[in-house]
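Visitor: Those protein sequences? They're chains A and B, same order as listed.
Oh and the first sequence: position 36 is 47 in my numbering, straight run, nothing missing.
Oh and the second sequence: position 4 is 1004 in my numbering, straight run, nothing missing.
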Amino acid sequence: KQEVTQIPAALSVPEGENLVLNCSFTDSAIYNLQWFRQDPGKGLTSLLLIQSSQREQTSGRLNASLDKSSGRSTLYIAASQPGDSATYLCAVSMEYGNKLVFGAGTILRVKS
Amino acid sequence: GAGVSQSPSNKVTEKGKDVELRCDPISGHTALYWYRQRLGQGLEFLIYFQGNSAPDKSGLPSDRFSAERTGESVSTLTIQRTQQEDSAVYLCASSSQGTSGTVQFFGPGTRLTVL
Chain A
12 KQEVTQIPAA
22 LSVPEGENLV
32 LNCSFTDSAI
42 YNLQWFRQDP
52 GKGLTSLLLI
62 QSSQREQTSG
72 RLNASLDKSS
82 GRSTLYIAAS
92 QPGDSATYLC
102 AVSMEYGNKL
112 VFGAGTILRV
122 KS
Chain B
1001 GAGVSQSPSN
1011 KVTEKGKDVE
1021 LRCDPISGHT
1031 ALYWYRQRLG
1041 QGLEFLIYFQ
1051 GNSAPDKSGL
1061 PSDRFSAERT
1071 GESVSTLTIQ
1081 RTQQEDSAVY
1091 LCASSSQGTS
1101 GTVQFFGPGT
1111 RLTVL
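#1: Beta-carbon within less than 7 Å of SER23 of chain A's beta-carbon, same chain only, minus the 5 sequence neighbours each way: which residues are those?
#2: Determine the contact status of ILE61 of chain A and LEU77 of chain A, defining contact as a CB-CB distance below 8 Å.
#3: What are the residues that DSSP puts in a beta bridge with ALA1067 of chain B?
#4: Counting only runs of 3+ residues fully inside the region 16 to 86 of chain A, write out the beta strand (DSSP E) ranges in chain order.
#5: Tell me the DSSP bridge mates of VAL1103 of chain B?
#6: What does the alpha-carbon distance come out to for the pair VAL1004 of chain B and VAL1103 of chain B?
#7: For THR1102 of chain B, return the contacting residues in chain A, with the cut-off set at a CB-CB distance below 7 Å.
#8: For PRO1008 of chain B, count neighbouring Cβ atoms within 10 angstroms of its own Cβ and tell me buried if that reaches 16, exposed if not.
#9: What first and last residue would you give for the beta strand (DSSP E) that runs through TYR1048 of chain B?
#10: Is the beta carbon of LYS1015 of chain B closer than 8 Å to that of THR1082 of chain B?
#11: So with CB distances below 9 Å, who are the chain B contacts of PHE113 of chain A?
#12: So with Cβ pairs under 8 Å, would you call GLY27 of chain A a contact of chain B?
#13: Take ALA1088 of chain B as the anchor and find which of B:GLY1107, B:ARG1111 and B:THR1070 has the nearest alpha-carbon.
#14: With a threshold of 8 Å between beta carbons, is LYS122 of chain A in contact with chain B?
#15: Which of the three DSSP states is assigned to GLN1006 of chain B in this structure?
#16: Alpha carbons only, please: which of B:TYR1090, B:HIS1029, B:LEU1060 and B:PHE1106 is nearest the one belonging to ASN1010 of chain B?
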């Protein structure tokens, strides 16, 4: 059974700092991996999707890497801003178009 | 519509009552998913619809839970004889299953409180 773990559970940083969120999964036979952000009272917003054949994806200040063989992904956020404060979720899919298995999330607070 | 919509946004019910939650996916999306997020916990998969194929019901926690989808449109999640442990945010997502990958787009969720 696939299990996804995210570390740290919570993180508080001053504005402008670069930071790394970690995600690990127990079964490396994934189809893809997604990073989402969740704001209080709102649904999830997809940030980055990495196919199993890819090593990384970038969008603006966000960079996600994938090391499938070791079962790890990291989300790098550059020059953090207070608007980045949210819960960040990592999720993996084992088959094309199939259900996502989520980690418990990292709660990020960026202080101004 | 522009995104996935869900209704109601909040639902308070008494233990033992039945509830229906509705999801309107993004137009043209063939895949639809239901997830549950209990307080302080991660999202749990409930059920997945893909076109006319038989749904994947492997995440439904008990036979009190059921879901339907008409074609590639609206879906309803029904919980019968609700229990307090059913209190959670129920999230719906849809995806296009196209060449752009399988990004799932989520609705805002329905917060269910069972008293």
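Note that beta-carbon positions come from the ideal geometry of N, C-alpha and C, so glycine has one too.
Guide: With the structure as the only source:
#1: As a working mapping, residue 23 of chain A is identified with position 12 in the first sequence. Answer for SER23 of chain A: ARG120 and LYS122, listed in chain order.
#2: As a working mapping, residue 61 of chain A is identified with position 50 in the first sequence. As a working mapping, residue 77 of chain A is identified with position 66 in the first sequence. Against a cut-off of 8 Å, the Cβ pair of LEU77 of chain A and ILE61 of chain A comes out as a contact.
#3: The residue given as residue 1067 of chain B occupies position 67 in the second sequence. The secondary-structure analysis by DSSP pairs ALA1067 of chain B across a beta bridge with B:LEU1077.
#4: Counting whole runs of 3 or more residues, the region 16 to 86 of chain A contains the beta strand (DSSP E) stretches 21 to 25, 30 to 36, 43 to 49, 55 to 62, 67 to 70 and 73 to 78.
#5: As a working note, residue 1103 of chain B is residue 103 in the second sequence. Its beta-bridge partners do not exist; DSSP assigns none.
#6: Against the second sequence, residue 1004 of chain B aligns to sequence position 4. Against the second sequence, residue 1103 of chain B aligns to sequence position 103. Roughly 13 Å separates the two Cα atoms.
#7: Along the second sequence, read from residue 1 onward, the residue named residue 1102 of chain B stands at position 102. Under the 7 Å cutoff, chain A gives ASN43, SER104, TYR107 and GLY108.
#8: Sequence index remark: in the second sequence, residue 1008 of chain B carries index 8 (1-based). When all chains shown are included, PRO1008 of chain B counts as exposed.
#9: For the purposes of this step, residue 1048 of chain B is identified with residue 48 of the second sequence, where counting begins at 1. That run of the beta strand (DSSP E) goes 1043 to 1050.
#10: For the purposes of this step, residue 1082 of chain B is taken as the residue at position 82 of the second sequence. For the purposes of this step, residue 1015 of chain B is taken as the residue at position 15 of the second sequence. In contact: THR1082 of chain B and LYS1015 of chain B (Cβ atoms closer than 8 Å).
#11: Sequence index remark: in the first sequence, residue 113 of chain A carries index 102 (1-based). Result: TYR1035, GLN1037, GLY1042, LEU1043, GLU1044 and PHE1045.
#12: Counted from its first residue, the first sequence places residue 27 of chain A at position 16. It does not: the Cβ of GLY27 of chain A has no partner Cβ on chain B nearer than 8 Å.
#13: Looking up residue 1088 of chain B in the second sequence gives position 88. Out of B:GLY1107, B:ARG1111 and B:THR1070, B:ARG1111 has the C-alpha closest to the C-alpha of ALA1088 of chain B.
#14: The count along the first sequence starts at 1 and reaches residue 122 of chain A at position 111. So, not an interface residue.
#15: Here residue 1006 of chain B is taken as the residue at index 6 of the second sequence, counted from 1. Strand at GLN1006 of chain B.
#16: Residue mapping note: residue 1010 of chain B aligns to position 10 of the second sequence, counting from 1. Answer by Cα proximity: B:TYR1090.
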